[in-house]
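The next block holds one structure in the form of structure tokens; read it before the comments.
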Amino acid sequence: MSSEGKEQHDLSPRDSAEGNDPSSPSGIHLELQRESSTDFKQFETNDQCRPYPRILIERQEKSNTNFKQFVIKKLQNCQCSPTKAKNTILGFLPVLQWLPKYDLKKNILGDVMSGLIVGILLVPQSIAYSLLAGQEPVYGLYTSFFASIIYFLLGTSRHISVGIFGVLCLMIGETVDRELQKAGYDNARSASSLGMLSNGSTLLNHTSDRICDKSCYAIMVGSSVTFMAGVYQVAMGFFQVGFVSVYLSDALLSGFVTGASFTILTSQAKYLLGLSLPRSNGVGSLITTWIHIFRNIHKTNLCDLITSLLCLLVLLPTKELNEHFKSKLKAPIPVELVVVVAATLASHFGKLHENYNSSIAGHIPTGFMPPRVPEWNLIPRVAVDAIAISIIGFAITVSLSEMFAKKHGYTVRANQEMYAIGFCNIIPSFFHCFTTSAALAKTLVKESTGCQTQLSGVVTALVLLLVLLVIAPLFYSLQKSVLGVITIVNLRGALRKFRDLPKMWSISRMDTVIWFVTMLSSALLSTEIGLLVGVCFSMFCVILRTQKPKISLLGLVEGSEVFESLSAYKNLQTKPGIKIFRFVAPLYYINKECFKSALYKQTVNPLLVKAAWKKAAKRKVKEEVVTLGGIQDEVSVQLSHDPLELNTIVIDCSAIQFLDTAGIHTLKEVRRDYEAIGIQVLLAQCNPSVRDSLTKGEYCQNEEENLLFYSVYEAMAFAEASKNQKGICVPNGLSLSSD
Numbered sequence: 012m013s014s015e016g017k018e019q020h021d022l023s024p025r026d027s028a029e030g031n032d033p034s035s036p037s038g039i040h041l042e043l044q045r046e047s048s049t050d051f052k053q054f055e056t057n058d059q060c061r062p063y064p065r066i067l068i069e070r071q072e073k074s075n076t077n078f079k080q081f082v083i084k085k086l087q088n089c090q091c092s093p094t095k096a097k098n099t100i101l102g103f104l105p106v107l108q109w110l111p112k113y114d115l116k117k118n119i120l121g122d123v124m125s126g127l128i129v130g131i132l133l134v135p136q137s138i139a140y141s142l143l144a145g146q147e148p149v150y151g152l153y154t155s156f157f158a159s160i161i162y163f164l165l166g167t168s169r170h171i172s173v174g175i176f177g178v179l180c181l182m183i184g185e186t187v188d189r190e191l192q193k194a195g196y197d198n199a200r201s202a203s204s205l206g207m208l209s210n211g212s213t214l215l216n217h218t219s220d221r222i223c224d225k226s227c228y229a230i231m232v233g234s235s236v237t238f239m240a241g242v243y244q245v246a247m248g249f250f251q252v253g254f255v256s257v258y259l260s261d262a263l264l265s266g267f268v269t270g271a272s273f274t275i276l277t278s279q280a281k282y283l284l285g286l287s288l289p290r291s292n293g294v295g296s297l298i299t300t301w302i303h304i305f306r307n308i309h310k311t312n313l314c315d316l317i318t319s320l321l322c323l324l325v326l327l328p329t330k331e332l333n334e335h336f337k338s339k340l341k342a343p344i345p346v347e348l349v350v351v352v353a354a355t356l357a358s359h360f361g362k363l364h365e366n367y368n369s370s371i372a373g374h375i376p377t378g379f380m381p382p383r384v385p386e387w388n389l390i391p392r393v394a395v396d397a398i399a400i401s402i403i404g405f406a407i408t409v410s411l412s413e414m415f416a417k418k419h420g421y422t423v424r425a426n427q428e429m430y431a432i433g434f435c436n437i438i439p440s441f442f443h444c445f446t447t448s449a450a451l452a453k454t455l456v457k458e459s460t461g462c463q464t465q466l467s468g469v470v471t472a473l474v475l476l477l478v479l480l481v482i483a484p485l486f487y488s489l490q491k492s493v494l495g496v497i498t499i500v501n502l503r504g505a506l507r508k509f510r511d512l513p514k515m516w517s518i519s520r521m522d523t524v525i526w527f528v529t530m531l532s533s534a535l536l537s538t539e540i541g542l543l544v545g546v547c548f549s550m551f552c553v554i555l556r557t558q559k560p561k562i563s564l565l566g567l568v569e570g571s572e573v574f575e576s577l578s579a580y581k582n583l584q585t586k587p588g589i590k591i592f593r594f595v596a597p598l599y600y601i602n603k604e605c606f607k608s609a610l611y612k613q614t615v616n617p618l619l620v621k622a623a624w625k626k627a628a629k630r631k632v633k634e635e636v637v638t639l640g641g642i643q644d645e646v647s648v649q650l651s652h653d654p655l656e657l658n659t660i661v662i663d664c665s666a667i668q669f670l671d672t673a674g675i676h677t678l679k680e681v682r683r684d685y686e687a688i689g690i691q692v693l694l695a696q697c698n699p700s701v702r703d704s705l706t707k708g709e710y711c712q713n714e715e716e717n718l719l720f721y722s723v724y725e726a727m728a729f730a731e732a733s734k735n736q737k738g739i740c741v742p743n744g745l746s747l748s749s750d
């Protein structure tokens, strides 16, 4: 360690007290040095104070309300009246507000057209996504039907389409497969080795006192997860904790959906190849599934493979044409339905299942099954899984509803949307359904085909009802490979996010990194872990941004009262002896050292100044002892430090959102260090939260409260008026003497 470093390290309060003693020779010398360091230039004043405007704001007096008065006031507000009851009912059932005012001539054609088209698209998608959720095809039709009806009654968005959503189906399917394995159901067991129910399902013994087959148990698990997800969403609406969704940024959601899309694609690959493989669960299921696929690639069913390729050759170009000419087409071509009908006819009349052992959808019963309560024994086992599902479903629904409401010039109520999507899960869970949310692709179709209100959801439900009551059994011979192709083709939008990465990188590198981390963790680990990793990493990035924030010295824009960064803009004015420092982050325990080091680096380090003064004083005392005959050589101590010219530091607090105790202590420490070398520290543009923290933390004494300035310009004017000499009287009556 150098001698200067040792001198600085050994500086103690006792040493500084000795250095401040004016009776000692070194004390006299230090006084002279301090006077020279505070010998600021005169600011066009004689011996009078320069007047300048000060902003004076008087605080409101807060009434002291005790807890008893608070409770009484709340109870008075809870008193029921006919008007309040009516408003509550109308608020909970928005359909009662807009349906009586429905403009039949203006809206009916668009609503009927969009409802029909979305209903036609939903039929094959509902059947296909049922496989993704680990359910029989009929349950996907149930889910879309009930969700459309309930959202019509409770929703506030006019355009979003609520129903099955691929990512949620995947998450449901992972939970279902896990519980099936725990319950002892063998996925590889063939139906022929077991007895058959009247609907063609296989029989297995369940832990309850009734017989339940694999399909029955799967929908029990799915309904239980759905019920819990709906309960969470309604609870979020009741307690108004929708802020949970703010932790899911656009970059995080986009990365999560893209990562989950790879898992969806992987889970459907076995249907395209006609392979009968167990579904992999847990961490690394994507890699495990592909290993199983390549190990069994020699067992590929050629019939299913050829069917998949033909469907891809038809669906992909037609989907691209639909998207390319969506502005010219009155309605998108329902190519999925055409492919499903054609494939079903080819499979039926070609007897593909009998001749080539092609995997088919099987029997889809007509009508509705009796309602059934969720399995309460399963609730504790799926409660954790339902948390992530509920948050994702709510976040996507609210974001889509707000996006389309803003586009079409109306408002939605996020709290009511939570209720709506929550009851779209709770009520259908009693009718053999699984989790639903809004879906972007179907919402875009709904909007582009002329949708005006949620009445289109009723038309969609009627289309699904017709299928459930009449048409469903006709899909018996539909190959599962066709359903897998439909699911994969609908992933195009999520996979195309890779094309947006260069633009995202140019806008925000941090968001791009969040996208990649969330995408990779969702694909390579699991959907739930990927979501958790994405949330934690994005929060870490926020902390990282505050830990190393932007700092700058400011200058005055000529002819204004605006201050900008000297490193970013040219021709800014600065005042001699005054430096203005801006810190763009909250000041708290994580970045307090960063604040101090940046401030000392941009202005002057008071610890080094004090060490230099002490070293010079000791050298002077030593020279005075050596001199003979009382004749002392005049030795000038050259400090050559900027602080001799600096008298005021103004800290622009406009970008400091809050302070904690460590932040307040840091400001006190900085002020004390600078005052020790004759530099005053002023705070400007503190927001009310920061002002309150400073007051509670006793940063200022009562007579110093007017050192908190409402603008940087005001603080600079105060500094200019006070830099004449120590102890000058300034217009606010504050004595600036450092004694």
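FYI, the numbering for the sequence shown is 12 to 750, going by the working numbering.
Every residue gets a Cβ at the ideal spot worked out from N, C-alpha and C, and that includes glycine.
Since the structure is predicted, the reported quantities are computational estimates derived from the model, not experimental observations.
### Task
Could you check the C-alpha separation between F434 and K225 for me, to the nearest Å?
About 27 Å.
### Message
Measuring alpha carbon to alpha carbon, tell me which residue in K330, T538, L718 and L297 is nearest V349.
### Response
By alpha-carbon distance to V349, the top candidate from K330, T538, L718 and L297 is K330.
### Message
Beta-carbon within less than 7 Å of G641's beta-carbon, same chain only, minus the 5 sequence neighbours each way: which residues are those?
### Response
Confidence at G641 is low in this model, with a pLDDT of 49, below 50, so the placement of that residue is unreliable and no value is reported for it.
### Task
Put G270 into one of helix, strand or coil per three-state DSSP.
Here DSSP, grouped into helix, strand and coil, assigns G270 to helix.
#### Entry: I642, DSSP secondary structure in three states
Note that I642 scores a pLDDT of 49, beneath 50, so its modelled location is shaky and nothing firm can be said.
### Message
Tell me which residue opens and which closes the alpha helix (DSSP H) that I190 is part of.
### Response
A small correction: the amino acid at residue 190 is Glu; Ile does not occupy that position in the sequence shown. Residues G177 to K193.
### Message
Taking the alpha-carbon of V496 as reference, which of I161, V470, P135 and D188 has the nearest alpha-carbon?
### Response
Comparing Cα-Cα distances from V496 to each of I161, V470, P135 and D188, the minimum goes to P135.
### Task
Check the C-beta distance from T662 over to F592 and give it rounded, since I have them as a contact under 8 Å.
The sequence given here places Ile at residue 662; Thr does not occur at that position. Right, their Cβ atoms sit about 5 Å apart.
### Task
Could you tell me the distance, in whole angstroms, from the CA atom of F594 to the CA atom of F574?
Cα to Cα, the separation comes out at about 13 Å.
### Query
Hey, how far is the Cα of L542 from the Cα of T557?
So the alpha carbons of these two residues sit roughly 23 Å apart.
### Same chain, Cβ closer than 8 Å to V384, five either side skipped, listed in chain order
Sequence-distant Cβ neighbours of V384 in its own chain, meaning closer than 8 Å and more than five residues away, are F441.
### Query
Short check: CB of A372 to CB of I138, under 8 Å?
Yes. Within cutoff.
### Task
Just mark E347 as buried or exposed, buried being the case when its beta carbon has 16 or more other beta carbons within 10 Å.
With 16 or more Cβ atoms within 10 Å of its Cβ, E347 is classed as buried.
### Query
What does DSSP give as the partner residues of A695 in its beta bridges?
BP columns for A695 point to D663 and F720.
### Query
Which value, in whole angstroms, describes the spacing of the CA atoms of I375 and F486?
Near 7 Å, if we compare the C-alpha coordinates of F486 and I375.
### Query
Fully enclosed by the segment 309-366, which alpha helix (DSSP H) runs are 4 residues long or longer?
With a minimum length of 4 residues, the continuous alpha helix (DSSP H) runs that stay inside the segment 309-366 are 313-335 and 346-361.
### Query
If you check the beta carbons only, do T408 and I160 fall under 8 Å apart?
Not closer than 8 Å, so no.
### Message
Run through the DSSP bridge pairs and tell me what L8 is partnered with.
### Response
The structure shown does not extend to residue 8, since the chain is modelled only from 12 to 750, so the question has no answer here.
### Task
Note down the Cα distance separating I398 from V692, rounded to an integer number of angstroms.
Rounded to whole angstroms, I398 to V692 spans 49 Å at the Cα level.
### Query
Going by the beta-carbon positions, is the gap between T447 and S125 smaller than 8 Å?
Taking the C-beta atoms as reference points, S125 is found no nearer than 8 Å to T447.
### Task
Note down, in chain order, each residue of its chain lying with its Cβ closer than 7 Å to the Cβ of K679, except the 5 sequence neighbours on either side.
Answer for K679: Y710, listed in chain order.
### Query
Where does E55 land, buried or exposed, given buried means 16+ other C-beta within 10 angstroms?
No answer about E55 holds up, because its pLDDT of 38 lies below 50 and its placement is not dependable.
### Message
Under 8 Å, with one C-beta from each stretch per pair, do the segment 527-541 and the segment 300-312 reach the 3-pair mark?
### Response
Counting Cβ pairs under 8 Å, fewer than three are found: no touch.
### Task
Measure the C-alpha to C-alpha separation of V474 and G130 and round it to an integer number of angstroms.
C-alpha separation (whole angstroms): 6 Å.
### Spatially closest choice to Q490 from L127, H364 and Q712, by CA coordinates
Ranking L127, H364 and Q712 by Cα distance to Q490 puts H364 first.
#### Entry: CB-CB length for G184 against L143, believed under 8 Å
Taking the Cβ atoms as the reference, G184 lies roughly 6 Å from L143, within the contact range of under 8 Å.
### Query
Once you ignore the five residues that flank I230 on each side, which residues in its own chain have a CB closer than 7 Å to its CB?
Contacts found: Q146, Y150 and H443.
### Query
For F509, which residues of its own chain have a beta-carbon under 8 Å away from its beta-carbon, when the five flanking residues on both sides are left out?
A distance below 8 Å between beta-carbons, with the five flanking residues on each side excluded, links F509 to the following residues of its chain, in chain order: T269.
### Task
On a CA-only basis, which of V528, V481 and G233 is nearest L179? Give me that one, please.
When each option's Cα is compared against that of L179, the closest is G233.
### Task
Could you work out which residue in L705, Y243 and N658 is closest to Q668 when comparing CA atoms only?
Nearest of L705, Y243 and N658 to Q668, Cα basis: L705.
### Task
Label G266 either buried or exposed according to how many other C-beta atoms from any shown protein chain fall within 10 Å of its C-beta, with 16 as the threshold for buried.
With 16 or more Cβ atoms within 10 Å of its Cβ, G266 is classed as buried.
### Task
Using alpha carbons as the reference points, say which of A673, Q696, S733 and I688 lies closest to G708.
Considering only alpha carbons, the answer is A673.
#### Entry: Through-space distance from L165 to Q108, alpha-carbon basis
For Q108 and L165, the distance between alpha carbons rounds to 11 Å.
### Task
Would you mind working out which of S291, N501, Y724 and F720 sits nearest K586, comparing C-alpha positions?
Each of S291, N501, Y724 and F720 was checked against the Cα of K586, and the nearest Cα belongs to Y724.
### Query
Apart from the five residues just before and just after K590, which ones in its own chain have a Cβ nearer than 8 Å to its Cβ?
These residues qualify, in order along the chain: L564, Q613, T614, L657, T659, I660 and V661.
### Message
Let me make sure I understand the geometry here. Which of T529, S533 and I562 has the alpha-carbon closest to that of C552?
### Response
Comparing alpha-carbon positions, the option among T529, S533 and I562 lying closest to C552 turns out to be T529.
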